[in-house]
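**Q** Numbering (the numbering used here), first residue to last: 5 to 315.
Ideal Cβ placement from N, Cα and C applies to all residues, glycine included.
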Ligand code: NCD
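(1) Should residue 334 go down as buried or exposed, given a rule of 16 or more other Cβ atoms within 10 Å for buried?
(2) CB residue 20 to CB residue 150, shorter than 9 Å?
(3) Using 8 Å for Cβ pairs, my map puts residue 26 next to residue 308. What's the rounded Cβ distance?
(4) Between which residues of its own chain and residue 12 is the CB-CB distance below 6 Å, once the five residues before and five after are set aside?
(5) Does the region 204-220 touch the region 245-262, meaning 3 or more C-beta pairs lie closer than 8 Å?
(6) Which residue marks the beginning of the alpha helix (DSSP H) containing residue 275, and which one marks its end?
(7) What runs of the beta strand (DSSP E), each 3 residues or longer, lie entirely inside the region 186-221?
(8) Return helix, strand or coil for residue 317, following the three-state DSSP convention.
(9) Would you mind reading off the limits of the beta strand (DSSP E) that contains residue 56?
(10) So, with DSSP's three-state summary, where would you put residue 112?
(11) Apart from the five residues just before and just after residue 237, which ones in its own chain have a Cβ nearer than 7 Å to its Cβ?
(12) For residue 84, is the beta carbon positioned less than 8 Å from some heavy atom of the ligand NCD?
(13) So residue 148 and residue 161 are in contact, right, with Cβ under 8 Å, and what is the actual spacing, rounded?
(14) Please determine if the region 31-46 and the region 94-111 are in contact, where contact requires at least 3 C-beta pairs separated by less than 8 Å.
(15) Around the ligand NCD, which residues pass a check of Cβ closer than 7 Å to any of its heavy atoms?
(16) Closer than 9 Å, CB to CB, is residue 38 near chain C or not?
(17) When the Cα of residue 265 is compared with those of 254, 252 and 281, which residue comes out closest?
(18) Just the C-alpha distance for residue 122 and residue 116, rounded to the nearest angstrom, thanks.
(19) Could you spell out where the alpha helix (DSSP H) holding residue 177 opens and where it closes?
(20) What residues match up with residue 79 in a beta bridge as DSSP calls it?
(21) Assuming contact is defined by CB atoms lying nearer than 9 Å, are residue 55 and residue 311 in contact in what I supplied?
(22) So which of 18, 9 and 6 has the shortest CA-CA distance to residue 178?
(23) Let me make sure I understand the geometry here. Which of 35, 186, 289 and 75 has the alpha-carbon closest to that of residue 226?
(24) Which residue wins for smallest C-alpha separation from residue 24, given the options 66, 286, 144 and 69?
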């Protein structure tokens, strides 16, 4: 088996064979899911806890579905961070989870690094389901699977990631995965929403959509993450849409067969126009959700096998 980690905390640091293994296994789960069958023996007798300190629709439900399809006992814990002290709560929670003999722990937290901290304190294999502005590894894997299935490869493709890159853990994980697998990644957005370290991440930076989208194979739109903005970094949603919102006119700068992606949740009319989001020929948004279940099955399967062997 080529995946060597106990946990899945980040894409950064993974090697191409590890990513390739997860994508290949996910591919087989796409086929299984389409037959309507399950494989409940894979995680039979294992306990999966979904620990979400932040809102989620797609990610939480797809981890739940993935765990159930593989036969795990799944428990959902939603915790509010508003009234509690971060460090104390996390460590208390870790002790509780250890006492419950949890095997797989899926964590989402608004603080970057929280899943890493938990991974040091619990016996379970930990999966990062999004931490602050740091990483969202399973999202990058599902995006890569979606692209690979449609384009047949990742290597050599031009992928343009547009909008609020600064606050996006999805963008960070995608940048690491896609550059590791040989894609050419561009980020496009106003200077206030592009991280200052972008060039060090091996991406090209653009501040206007026409130039950034020219020749792109894949165009990924990101939500304006206002909840993470300390102050107004964009003048108004209307103005943002005018310059950076993905509509048919701007998409025309990309390759004629360019495909459109969005991790969800979408703000229609802000970062993406409804006509583009709902265009069945160009939009992969629904397919991304389908791939999300298969990718999470592959990750749970892989970590459960490694975990079992190490203990
Ligand atoms: C993203 C997230 O939470 O990081 N959503 C997701 O998991 N599909 C992106 C976002 O919130 O905009």
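**A** According to the data block:
(1) Nothing can be reported for residue 334, as the shown portion of the chain is limited to 5 through 315.
(2) Using a Cβ distance threshold of 9 Å, residue 20 and residue 150 do not count as a contacting pair.
(3) The pair is not a contact, with the Cβ atoms about 13 Å apart (cut-off 8 Å).
(4) 131, 141 and 303
(5) yes
(6) In this chain, residue 275 is not harboured by any alpha helix (DSSP H), its DSSP state being neither H nor E.
(7) 188-192 and 208-210
(8) The requested residue 317 is not part of the displayed model; the chain covers only 5 to 315.
(9) 51-56 is the extent of the beta strand (DSSP E) around residue 56.
(10) strand
(11) Once the five neighbours on either side are set aside, the close Cβ partners of residue 237 are 196 and 197.
(12) no
(13) About 10 Å separates the two Cβ atoms, so there is no contact after all.
(14) With a cut-off of 8 Å, the region 94-111 and the region 31-46 do not count as touching, because too few Cβ pairs lie within range.
(15) 60, 62, 63, 134, 140, 143, 172, 173, 174, 226, 227, 229, 267, 268 and 269
(16) Of the protein chains in the structure, only one exists, and it is not chain C.
(17) 281
(18) Distance between residue 122 and residue 116, taken at the CA atoms: about 12 Å.
(19) 173-184
(20) For residue 79, which the question treats as bridged, DSSP gives the partners 53.
(21) The answer is no: Cβ separation not under 9 Å.
(22) 18
(23) 289
(24) 144
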